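Take 8 as the starting number for the sequence shown in this note's numbering and just add one per residue.
Glycine included, each C-beta is placed from N, C-alpha and C at the ideal position.
Computed from a predicted structure; not experimentally measured.
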Amino acid sequence: MKGTFIHGPRDIRFEDRPDPKIEKPTDAIIKLSAGCICGSDLWPYRGINKITQPTPMGHEYCGIVVETGNEVKNVKKGQFVIGSFFASDNTCPHCKNGYQTSCQHREYMNQAQAPYLRVPLADGTLVPTAEPPSPELVPSMLALSDVMGTGWFAAEAANVKPGATVAVVGDGAVGLLGVLSAKLMGAARIIAMSRHETRQKLAKEFGATDIVTERGDDGITRIKELTKGIGVDSVLECVGTQESMMQAIHSTRPGGSVGFVGVSHGVSIDGDQFFYSHVHLHGGPAPVRRFLPGLIGRVMRKEINPGKVFDLTLPIENVAEGYKAMDERRAIKTLLKV
Ligand SMILES: [Zn+2]
Ligand SMILES: [Zn+2]
């Protein structure tokens, strides 16, 4: 089969590679129902993460199980399944505490922009649906694999409570689904920080009540103006840069919380400033596995439609164009037909 590789900055190729096969008795092979490109894939694409050799890409997936190893018990051939970007056993202490992305046996998934995928630790990693979803639900199921689960974790880590005032830094797919998550958790006011019209529109559809276009110190000033100088209860930081993290911390009221899920790139926090901010910080790679059963139910019941973040669909052969469109911010998120 063919799969997606990155060879260097802005050099994405869809090229031959061996079909995945069962390597350990705990593996499963799935045939993807669709693939996609993640905002975090743009870090290596833009040359911010170094690439030393051709590296396979893709960590978001859902599809049909076509083969299982001898020790796999919880998933069966023919089932539709979803997993997260880290395979996890779901039995070790960290998994049991709900932090499957810190699993003692975790394995990073990075070959999912391809028609078939090997999933390690299949019993712990994959969540099957009661029945295969109808085709129009597949984009929303795929969104659960990372961006919806990550947005949900951002809101949870930011301690969003019913009636809360929330700000979301970042208008990528995760930020937009963070808006949706905050809404589902009962936030009364949700301020989306975005300067892109199509993203503002989707943010409002997902539940944003206010839009702030300013960034950095101006963004903080605007949030303070909107909250009588107090700051918001919860901020979802969905970018991962120094500017976005400072914007998040300084927009939060004393005693409030920041949930940060943007993959950290060069962020450093000044101890004095943090000390006097009185702000709770929690975040990291979202333990999406914990949220999958609940979110799958919401998609199946058509309560949520997180698949709306896919605003470009391409055949997987054209994956390079999908990266380009996201890099140039012409697309929020690209769905790849396999
Ligand atoms: Zn992702
Ligand atoms: Zn574990």
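Using only alpha-carbon positions, find the residue among the options that is nearest to residue i.
{"i": "Ser284", "options": "His257, Pro294 and Val306", "result": "His257"}
{"i": "Asn81", "options": "Glu204, Asp34, Ile58 and Lys331", "result": "Asp34"}
{"i": "Met307", "options": "Met333, Ala293, Leu144 and Gln86", "result": "Leu144"}
{"i": "Pro127", "options": "Gly76, Leu151, Ala150 and Leu342", "result": "Gly76"}
{"i": "Trp159", "options": "Arg296, Gly42 and Ala338", "result": "Arg296"}
{"i": "Tyr106", "options": "Pro292, Pro142, Arg17 and Ala161", "result": "Pro292"}
{"i": "Leu233", "options": "Ser91, Gly10, Ile198 and Glu212", "result": "Ile198"}
{"i": "Pro63", "options": "His14, Ser95 and Thr157", "result": "His14"}
{"i": "Asn56", "options": "Phe317, Gly70 and Gly273", "result": "Gly273"}
{"i": "Ala194", "options": "Ala171, Arg336 and Leu184", "result": "Ala171"}
{"i": "Val72", "options": "Asn97, Gly278, Glu138 and Phe317", "result": "Glu138"}
{"i": "Ala180", "options": "Thr132, Val134, Asp96 and Leu319", "result": "Leu319"}
{"i": "Ala162", "options": "Val345, Lys190 and Lys84", "result": "Lys190"}
{"i": "Arg125", "options": "Pro142, Ser109, Met155 and Phe92", "result": "Phe92"}
{"i": "Asn166", "options": "Met192, Ala41 and Lys331", "result": "Met192"}
{"i": "Lys344", "options": "Ile58, Cys69 and Gln60", "result": "Cys69"}
{"i": "Thr356", "options": "Pro16, His287 and His101", "result": "The structure shown does not extend to residue 356, since the chain spans only 8 to 345, so no value can be given for it."}
{"i": "Lys168", "options": "Lys103, Ser241 and Gly177", "result": "Ser241"}
{"i": "Gly314", "options": "Tyr52, Glu67 and Arg53", "result": "Glu67"}
{"i": "Lys83", "options": "Pro100, His112, Gly185 and Val134", "result": "Val134"}
{"i": "Gly42", "options": "Val219, Thr108 and Pro146", "result": "Pro146"}
{"i": "Gly185", "options": "Gly269, Gln280, Pro100 and Gln111", "result": "Gly269"}
{"i": "Glu335", "options": "Gly156, Ile29 and Tyr52", "result": "Tyr52"}
{"i": "Gly223", "options": "Lys235, Val246 and Ala210", "result": "Val246"}
{"i": "Thr157", "options": "Thr259, Ser141, Pro140 and Gly177", "result": "Gly177"}
{"i": "Ile311", "options": "Thr228, Gly214, Val175 and Gly236", "result": "Gly214"}
{"i": "Asp18", "options": "Ser201, Leu342 and Tyr330", "result": "Tyr330"}
{"i": "Gly226", "options": "Ala210, Glu212, Gly263 and Ser201", "result": "Ser201"}
{"i": "Thr248", "options": "His112, Arg229, Ser271 and Gly236", "result": "Ser271"}
{"i": "Met155", "options": "Pro140, Gly182, His112 and Lys38", "result": "Gly182"}
{"i": "Leu39", "options": "Glu74, Ser275, Val173 and Lys103", "result": "Glu74"}
{"i": "Ala338", "options": "Ile44, Ile29, Glu30 and Phe281", "result": "Ile44"}
{"i": "Ser264", "options": "Phe281, Gly65 and Lys211", "result": "Phe281"}
{"i": "Gly65", "options": "Lys103, Gly54, Met116 and Asp96", "result": "Met116"}
Less than 6 Å between C-beta atoms, sequence neighbours within five positions excluded: which residues of the same chain meet that for residue i?
{"i": "Phe267", "result": "Glu244 and Gly290"}
{"i": "Ala164", "result": "Gly266, His289 and Gly290"}
{"i": "Phe21", "result": "Lys9, Thr11, Glu324 and Val326"}
{"i": "Glu114", "result": "Ala94 and Pro127"}
{"i": "Lys6", "result": "With the chain represented from 8 up to 345, any question about residue 6 goes unanswered, as that position is not in the structure."}
{"i": "Phe317", "result": "Pro146, Lys340 and Leu342"}
{"i": "Arg229", "result": "Val219 and Glu221"}
{"i": "Ala174", "result": "Ile198, Ile230, Val239, Val242 and Ser258"}
{"i": "Ser188", "result": "Gly158, Trp159 and Ala162"}
Near residue i, what residues of its chain come up, given a Cβ to Cβ distance below 7 Å and the 5 sequence neighbours on each side ignored?
{"i": "Lys231", "result": "Gly238"}
{"i": "Glu78", "result": "Pro32 and Thr33"}
{"i": "Thr98", "result": "Gly131"}
{"i": "Pro294", "result": "Gly105, Tyr106, Gln107, Thr108 and Phe160"}
{"i": "Ile29", "result": "Ile36, Glu74 and Gly76"}
{"i": "Ala332", "result": "Leu319, Ala338 and Thr341"}
{"i": "Asp96", "result": "Cys102, Cys110, His112, Leu128 and Gly131"}
Using C-beta distances below 8 Å, list every residue in its chain close to residue i, excluding the 5 sequence neighbours before and after it, in chain order.
{"i": "Glu328", "result": "Leu321"}
{"i": "Thr136", "result": "Gln86, Phe87, Val88, Ile89, Met148, Ile303 and Met307"}
{"i": "Pro261", "result": "Gly238, Ser284, His285 and Val286"}
{"i": "Asp217", "result": "Arg196, Ile197, Ile198, Ala199 and Leu233"}
{"i": "His101", "result": "Gln107, Ser109, Cys110 and Gln111"}
{"i": "Gly54", "result": "Gly15, Pro16 and Arg17"}
Of all Cβ atoms in chain D, is any one closer than 8 Å to the Cβ of residue i?
{"i": "Ile339", "result": "The structure shown contains no chain D; it holds only a single protein chain."}
Given 7 Å as the limit, tell me if residue i has its C-beta closer than that to any heavy atom belonging to ligand 3.
{"i": "Pro16", "result": "Questions concerning ligand 3 fall outside what the structure shown contains, since the ligands it does hold are ligand 1 and ligand 2."}
(message) Considering only heavy atoms of ligand 1 and the C-beta of each residue, which residues fall inside 6 Å, strictly closer?
(response) Every residue passing the under-6 Å Cβ criterion appears here: Cys45, Ser47, His66, Glu67, Phe92 and Asp153.
(request) Closer than 7 Å is what we want: which residues have a beta carbon that near any heavy atom of ligand 2? List them in chain order. (result) Proximity annotation: ligand 2 has residues Ser95, Asp96, Asn97, Thr98, Cys99, His101, Cys102, Gln107, Cys110, Gln111, His112, Arg113 and Gly131 in chain order, each selected because its CB is closer than 7 Å to a heavy atom of the ligand.
(request) Report yes or no: do three or more beta-carbon pairs, one from the region 114 to 128 and one from the region 38 to 53, lie closer than 8 Å? (result) Judged by Cβ distances under 8 Å, the region 114 to 128 makes contact with the region 38 to 53, as three or more pairs qualify.
(message) Ignoring anything shorter than 4 residues, give me the alpha helix (DSSP H) runs that lie fully in the region 19 to 57, in order along the chain.
(response) Whole alpha helix (DSSP H) segments, 4+ residues: 49 to 52.
(message) Counting beta carbon pairs with one atom in the region 246 to 254 and one in the region 202 to 218, are three or more of them shorter than 8 Å?
(response) Result no; under three Cβ-Cβ pairs closer than 8 Å.
(message) Would you call the region 148 to 160 in contact with the region 294 to 309, where contact means no fewer than 3 C-beta pairs closer than 8 Å?
(response) The region 148 to 160 vs the region 294 to 309: in contact.
(request) Could you tell me which uninterrupted beta strand (DSSP E) segments, each at least 3 residues in length, are contained entirely in the region 49 to 104, listed from first to last along the chain? (result) Runs of the beta strand (DSSP E) lying entirely within the region 49 to 104 and spanning at least 3 residues, in chain order: 68 to 75 and 87 to 90.
(request) Decide yes or no for the touch test of the region 86 to 97 against the region 22 to 31: beta carbon pairs closer than 8 Å, at least 3 of them. (result) Touching, no, given that fewer than three Cβ pairs across the two stretches are closer than 8 Å.
(message) Could you tell me which whole beta strand (DSSP E) segments of length 3 or greater appear in the region 121 to 202?
(response) Under the rule that a run must span 3 or more residues, the beta strand (DSSP E) segments found entirely inside the region 121 to 202 read 123 to 126, 172 to 176 and 196 to 200.
(request) Note down, one range per segment and in chain order, each beta strand (DSSP E) of at least 3 residues found wholly within the region 228 to 308. (result) DSSP runs (the beta strand (DSSP E)) wholly in the region 228 to 308: 239 to 244, 259 to 267 and 287 to 290.
(request) Write down every uninterrupted run of the beta strand (DSSP E) in the region 206 to 231 whose length is 3 residues or greater and which is fully enclosed by it, in chain order. (result) Taking only runs of at least 3 residues, the beta strand (DSSP E) segments lying wholly in the region 206 to 231 are 217 to 219.
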